[in-house]
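To start, the structure under review is shown below, and the notes come after it.
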Amino acid sequence: MHYVTVEGLTKSFGTKPLFRDISFHIEEGDKIALVALNGTGKSTLLRILCGKDVPDSGKVWIHKDVTVVMLEQQSDFDLSKTVIENIFNHNNPVLNAIKEYELLTEEGHEPDLDKLTDSIAKMDELNAWHFDTKVKQILGKLNIHNLDQPVGSLSGGQQKRVALAKVLIEIGFEHKHVLLIMDEPTNHLDVSMIEWLENYLDQEKVTLLLVTHDRYFLDSVCNEVMELDQEQLFIYKGDYENYLEKKAAREESEKSSVDKARNLYRKELEWMRKQPKARTTKSKSRQDAFYEVKEKASTKVADQQLELNVKMTRLGGKILELKKVYKSFGNLKILKGMDYTFKKGERVGIVGKNGVGKSTFLNMLLGTEQPDSGKINIGETIVFGNYSQTGLVVKEDMRVIEFVKNIAENFPLADGTKVSAAQFLELFLFPAEKQYTYISKLSGGEKRRLHLLSILFRNPNFLVLDEPTNDLDLPTLSILESFLQEFQGCVIIVSHDRYFMDKLVEHLFVFEGDGEIRDYPGNYTQYREWQKEEDKKKAIAPKKEVTTPVVVTAAPLAENKGRKMSFKEKRELELLEKEIEQLETEKKKIEASLSSGELPFDKMEPLTHRIGEIIQLLDEKGMRWLELSDMTS
18 MHYVTVEGLT KSFGTKPLFR DISFHIEEGD KIALVALNGT GKSTLLRILC GKDVPDSGKV
78 WIHKDVTVVM LEQQSDFDLS KTVIENIFNH NNPVLNAIKE YELLTEEGHE PDLDKLTDSI
138 AKMDELNAWH FDTKVKQILG KLNIHNLDQP VGSLSGGQQK RVALAKVLIE IGFEHKHVLL
198 IMDEPTNHLD VSMIEWLENY LDQEKVTLLL VTHDRYFLDS VCNEVMELDQ EQLFIYKGDY
258 ENYLEKKAAR EESEKSSVDK ARNLYRKELE WMRKQPKART TKSKSRQDAF YEVKEKASTK
318 VADQQLELNV KMTRLGGKIL ELKKVYKSFG NLKILKGMDY TFKKGERVGI VGKNGVGKST
378 FLNMLLGTEQ PDSGKINIGE TIVFGNYSQT GLVVKEDMRV IEFVKNIAEN FPLADGTKVS
438 AAQFLELFLF PAEKQYTYIS KLSGGEKRRL HLLSILFRNP NFLVLDEPTN DLDLPTLSIL
498 ESFLQEFQGC VIIVSHDRYF MDKLVEHLFV FEGDGEIRDY PGNYTQYREW QKEEDKKKAI
558 APKKEVTTPV VVTAAPLAEN KGRKMSFKEK RELELLEKEI EQLETEKKKI EASLSSGELP
618 FDKMEPLTHR IGEIIQLLDE KGMRWLELSD MTS
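In terms of this note's numbering, the sequence shown opens at residue 18 and continues consecutively.
If you want it as structure tokens, here you go:
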């Protein structure tokens with residue numbers, strides 16, 4: 018089924034063309050990643066598809082049965098309304114019933130028993146309990162609690178997670194055919210949330226178009242890559258690695274074709290100059306061909322990237338040392354007597370859930386946050402390069418090249434030569450014409466790229482990078498990775514981008530909570546494999562000690578142990594047990610029918626589809642049952 022057909026789409030931003038005469042289709046079941054440099058029209062194209070922007074020319078046709086749902090980078094909430102009011106801002110009767118029930122049973126509230134009875138009856142009537150379980154799963158996995166607080170009181174990251182929850186809940190209640198458009202969905206999620214979202218989108222029967230800088234997420238979720246490049250659209254089937262290979266082959270072929278056109282153009286230009294003003298029919302034909310060759314010869318080709326053998330500011334014998342460092346905020350323990358001595362060229366990744374103190378730890382290393390006790394000794398030769406999430410702080414009426422030249426005119430290389438500010442800008446994908454743009458005219462991603470460039474151009478020898486991949490496009494990430502691989506100084510990285518971490522770090526500081534820091538010798542993927550093996554061991558061990566099965570839950574669920582169940586949770590647990598039993602019974606009946614060999618083909622297809630739905634429901638309800646039953650243990 019054709020979900021979307023786009024024909025001859027053209028869009029400019031002022032005098033700058035974003036894309037010209039592009040056409041493509043989106044079919045049911047497609048999961049497409051849209052890739053391009055920041056500022057070249059990715060978000061604009063997404064907004065056109067969902068009707069929030071209009072093209073200069075061309076057509077967008079969306080099937081009448083398809084609903085388009087979009088997650089934008091900037092959420093559009095009523096900040097005065099509560100979390101639950103924003104999430105359940107629909108006219109769907111099931112969602113309205115769930116909203117009323119959730120408000121009545123919110124923890125810490127005494128429900129009106131008459132209203133609660135009516136609400137439960139309404140939930141029963143609409144068969145809404147399954148959907149309520151799904152809603153709870155989404156909210157729980159995205160760490161969204163206190164549903165009655167105003168959205169305006171939340172941080173930017175929390176608002177992004179609420180927006181994501183709203184979209185995921187919405188697609189579960191909309192029409193059968195949904196096109197989900199997502200602009201950087203992994204920003205402000207920790208790694209466990211990203212891994213959950215990957216699995217969720219993989220299980221959901223949803224057609225997807227997304228922009229993401231997370232290459233593992235892209236590979237896990239998407240089966241096609243669309244690239245906007247030099248105002249054109251290129252389509253590649255397969256994963257990210259296949260896209261890179263095919264793109265390189267395309268660029269090589271394009272370069273060869275342009276080189277031939279330029280050689281021919283020089284010859285034809287000489288012929289044109291020698292021709293008399295009066296043209297014969299034959300010469301007129303050759304003249305027309307000349308202009309075609311001229312256009313081809315003028316095509317821009319991908320430049321060979323400048324390689325930097327960086328001359329780093331000298332690093333002395335003493336780098337950075339922590340001695341018995343303690344740090345807490347109220348009941349939150351961040352460090353508990355940490356001892357560590359950094360070595361030359363060390364590359365450390367920092368991982369842990371949101372709110373465990375990763376950014377506070379970085380601030381202590383930088384000297385902007387003091388420990389409660391203990392010492393942090395910084396070597397005399399250390400020059401920090403701090404890339405924080407606060408972004409670029411600069412006068413926006415300044416041109417890009419002026420801003421960089423105010424830092425330094427040149428960047429030193431190991432062979433004694435220097436790279437000019439303009440060359441350094443080109444390396445980070447600011448071509449000559451872009452360098453004279455006012456900073457105020459840059460896109461959000463371009464400002465992030467300029468911020469990063471400005472940190473590196475100061476020639477530090479100890480880089481502290483807090484979520485450096487947020488809002489950067491994939492081409493910029495590739496250049497940053499190449500730069501950091503050549504960098505000889507120390508690097509500390511906090512990032513949810515697993516691909517980025519795997520490529521660059523040698524070991525991890527794992528913030529496990531309660532001030533405990535594990536120093537893991539390996540990259541993130543190796544750590545996760547180790548962690549899964551440890552979880553398996555823990556799951557097996559209790560079975561040897563008790564006769565009845567004991568469920569070993571993941572760390573986030575362990576916090577529920579010993580907490581008294583609310584009325585709402587007891588009611589939910591009872592309903593889940595009944596629903597799971599009913600689903601198991603239905604599953605056995607369908608399996609018996611399918612294996613009987615007596616069903617006609619036209620009856621098999623809907624039963625096969627239904628058994629897939631049942632398996633997914635059992636997974637969801639089983640996970641929620643484990644969470645609730647853990648509270649009773």
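Quick reminder that beta carbons are idealized off the backbone N, C-alpha and C, glycines included. Computed from a predicted structure; not experimentally measured.
- Distance from the CA atom of residue 241 to the CA atom of residue 258, rounded to whole angstroms, is 11 angstroms.
- Scanning the region 132 to 168 from its first residue to its last, the whole alpha helix (DSSP H) runs of 4-plus residues come out as 146 to 158.
- Counting only runs that start and end inside the region 202 to 254, the beta strand (DSSP E) elements of at least 3 residues fall at 224 to 228, 241 to 246, 249 to 254.
- Under the criterion of beta carbons closer than 8 angstroms, residue 641 and residue 340 do not qualify as touching, at roughly 46 angstroms.
- For residue 77, the three-state secondary structure derived from DSSP is strand.
- Considering only 509, 429, 423, the residue with the shortest C-alpha distance to residue 471 is 423.
- Within the region 495 to 527, the complete alpha helix (DSSP H) runs of at least 4 residues fall at 515 to 521.
- Residue pairing by DSSP puts residue 345 in a beta bridge opposite 350.
- If you check the CB distance, residue 593 and residue 638 come in under 8 angstroms.
- Residue environment for residue 176: buried (at least 16 other C-beta atoms within 10 angstroms of its C-beta).
- Counting C-beta atoms within 10 angstroms of its own C-beta, residue 188 has 16 or more neighbours from the protein chains shown and is therefore classed as buried.
- Residue environment for residue 51: buried (at least 16 other C-beta atoms within 10 angstroms of its C-beta).
- In the structure shown, residue 259 falls within a helical segment according to DSSP collapsed to helix, strand and coil.
- Less than 8 angstroms separates the beta-carbon of residue 379 from that of residue 481.
- Counting the other CB atoms within 10 Å of its CB gives residue 412 a total below 16, which places it among the exposed residues.
- Assigned with DSSP and collapsed to three states, residue 629 falls in helix.
- Under the three-state reduction of DSSP output, residue 60 falls in the helix class.
- Around residue 24, the same chain offers 40, 75, 76 as residues with beta carbons nearer than 7 angstroms, after the five sequence neighbours per side are excluded.
- Burial state of residue 116 is buried, judged by a 10 Å Cβ sphere holding 16 or more other Cβ atoms.
- If you keep only unbroken alpha helix (DSSP H) runs of at least 4 residues inside the region 353 to 416, you get 375 to 383.
- At the C-beta level, residue 377 and residue 386 come within 8 angstroms of one another.
- Here residue 524 has 365, 536, 537, 538, 539 as same chain residues with Cβ atoms under 7 angstroms from its own Cβ, once five neighbours each way along the sequence are excluded.
- A distance of 8 angstroms or more separates the beta carbons of residue 402 and residue 331.
- Three or more beta-carbon pairs separated by less than 8 angstroms link the region 93 to 104 to the region 163 to 170, which places the two stretches in contact.
- In the DSSP assignment, residue 23 is bridged to 41, 77.
- Burial state of residue 186 is buried, judged by a 10 Å Cβ sphere holding 16 or more other Cβ atoms.
- In its chain, beyond the 5 residues on either side, 515, 516 have a beta carbon closer than 6 angstroms to the beta carbon of residue 233.
- Excluding five sequence positions before and after residue 542, the CB atoms of its chain that fall closer than 6 angstroms to its own CB belong to 519, given in chain order.
- Separation of the CB atoms of residue 483 and residue 544 is rounded to 19 angstroms, and the pair is thereby denied contact status at 8 angstroms.
- For residue 87, the beta-bridge partners assigned by DSSP are 198.
- With fewer than 16 neighbouring CB atoms inside 10 Å of its own CB, residue 626 falls in the exposed class.
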